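Be aware that the sequence shown starts at 272, since it is given in the working numbering, and climbs by one per residue.
What follows is a single structure, written as structure tokens, with notes after it.
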Amino acid sequence: MGELDLQGGRLLLIDRPQIAEWIITTYLSHRLHLKEYTKLQDEGKWKRLHQGAEDTEDTAGKRIGILGYGSIGRQTARLSKALGLDVHAYTLHPRNTPESRRDDSYTPPGLGDPEGEFPSKWFSGGSKEEIHEFLDSGLDILVISVPLTDKTKGLISKPEFEILGKKGTFLINIARGPIVNTDDLIEALNSETIKGAALDVTDPEPLPDQHPLWSAKNVTITPHISAASSFYYTRLLDIFRLNLERLSQGRNDFINKVNRKEGY
């Protein structure tokens with residue numbers, strides 16, 4: 272994320288839509304067994320992994336839960352709705368009114384969820400009970416897109432995996448590695464408590480060679496590259512230009528501000 276200091280040390284950040292593309296791509300790759308078929312291709316083998324179709328599930332009609340409904344989460348919701356997924360959203364603060372659900376951050380035209388209209392159900396609050404209610408809402412996919420703070424460190428650990436195990440949720444983490452307890456994640460994967468995981472972040476990071484997470488069942492790991500884009504600086508300059516215009520007008524309602532008190 273790009274950072275700028277403006278008045279009082281506020282940080283102005285940019286999030287990138289390609290992260291949402293990585294999220295959807297890794298899930299579809301898991302569902303369609305592309306990792307296994309790529310291995311067979313490398314071996315020069317024409318072989319079906321399954322004789323029937325029962326092991327390849329439809330995406331349409333499943334439910335995705337987005338833990339942290341910022342710009343990444345909103346773009347993920349847009350792509351998810353296009354695939355026929357039901358969307359549940361979780362935010363720290365309640366979003367009970369149409370006005371509170373609107374996104375006031377920088378959103379390129381045609382992207383994101385500016386009006387907050389995609390989730391069929393919203394969850395909020397910072398307590399374990401409130402988070403567990405969200406996790407227990409029948410999620411086929413869980414996307415972690417919250418910032419790393421004192422409150423979110425270790426947020427997903429053994430008790431949470433036990434809840435996700437009821438549905439066999441597929442976990443995706445593009446936020447920060449320490450939000451998920453690595454040992455508990457490995458156990459949940461190898462015991463098939465959850466169906467699998469896609470990780471662009473790990474704890475520790477970089478993930479050491481031969482770390483047991485590499486060989487856990489049904490996991491895809493990439494080295495923190497989901498945000499890479501040739502358009503990054505173009506979007507960053509768009510935000511800079513908009514905020515510079517507001518600054519020249521004597522305004523202080525900058526877009527994409529970080530709340531230092533809450534840590535994001």
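We put the CB at the ideal spot given by N, CA and C, even for glycine.
Fair warning: this is a prediction, and the values are worked out from it, not measured in the lab.
Check, Outcome
"Out of curiosity, what's the CA-to-CA distance linking Phe394 and Glu404?", "8 Å"
"Which class does Leu282 belong to by DSSP, given the choice of helix, strand or coil?", "In this prediction, Leu282 has a pLDDT of 47, which is less than 50 and means its spatial position is unreliable; what the coordinates show is noted afterwards. Strand."
"To which residues of the same chain is Val472 closer than 7 Å at the C-beta, ignoring the five residues directly before and after it?", "Asn444, Ile445, Ala446, Arg447, Gly448 and His495"
"Can you check DSSP and say which residues form a bridge with His364?", "Answer by DSSP bridge pairing: none, since His364 is not bridged."
"With Val541 and Ala459 assumed to form a contact (beta carbons below 8 Å), what rounded beta-carbon distance in angstroms separates them?", "The first residue shown for the chain is 272 and the last is 535, placing residue 541 beyond what the model contains."
"Given this structure, state the Cα-to-Cα distance separating Leu406 from Leu478, to the nearest angstrom.", "27 Å"
"In three-state DSSP terms, what is Ser395?", "strand"
"Identify every run of the beta strand (DSSP E) within the stretch 441–528, keeping only runs that are complete inside it and at least 3 residues long; order them along the chain.", "441–444, 467–470 and 490–492"
"The beta strand (DSSP E) spanning Arg334 covers which residue range?", "Arg334 to Leu338"
"For Ala291 and Thr347, which I take to be in contact (beta-carbon distance under 8 Å), what is that distance rounded to the nearest angstrom?", "4 Å"
"Using DSSP with H/G/I as helix, E/B as strand and the rest coil, what is Leu275?", "Because Leu275 sits at a pLDDT of 49, beneath the cut-off of 50, its placement in the model cannot be relied upon, and the following sentence gives the value as read from the coordinates. Leu275 falls in the coil class under three-state DSSP."
"Run through the DSSP bridge pairs and tell me what Asp357 is partnered with.", "Arg334"
"Helix, strand or coil for Leu350? Go by DSSP, reduced to three states.", "helix"
"Only counting the same chain, and skipping five residues up and downstream in sequence, which positions put a Cβ closer than 8 Å to that of Glu433?", "Thr464"
"What do you get for Tyr377, buried or exposed, if any count of 16 or more other CB atoms within 10 angstroms of its CB means buried?", "buried"
"Would Leu484 and Leu456 be called neighbours here (beta carbons separated by less than 9 Å)?", "yes"
"Since Ile247 is in the beta strand (DSSP E), which residue starts that stretch and which ends it?", "Absent from the structure is residue 247, since the part of the chain shown begins at 272 and ends at 535."
"Tell me which residues share the same chain as Leu277 and place their Cβ nearer than 8 Å to its Cβ, disregarding the 5 neighbours each side in the sequence.", "Note that Leu277 scores a pLDDT of 49, beneath 50, so its modelled location is shaky; the value from the coordinates is reported in the next line. Cβ within range, chain order: Leu283, Asn514, Leu518 and Phe525."
"Please name the residue or residues paired with Ile427 in a DSSP beta bridge.", "Val451"
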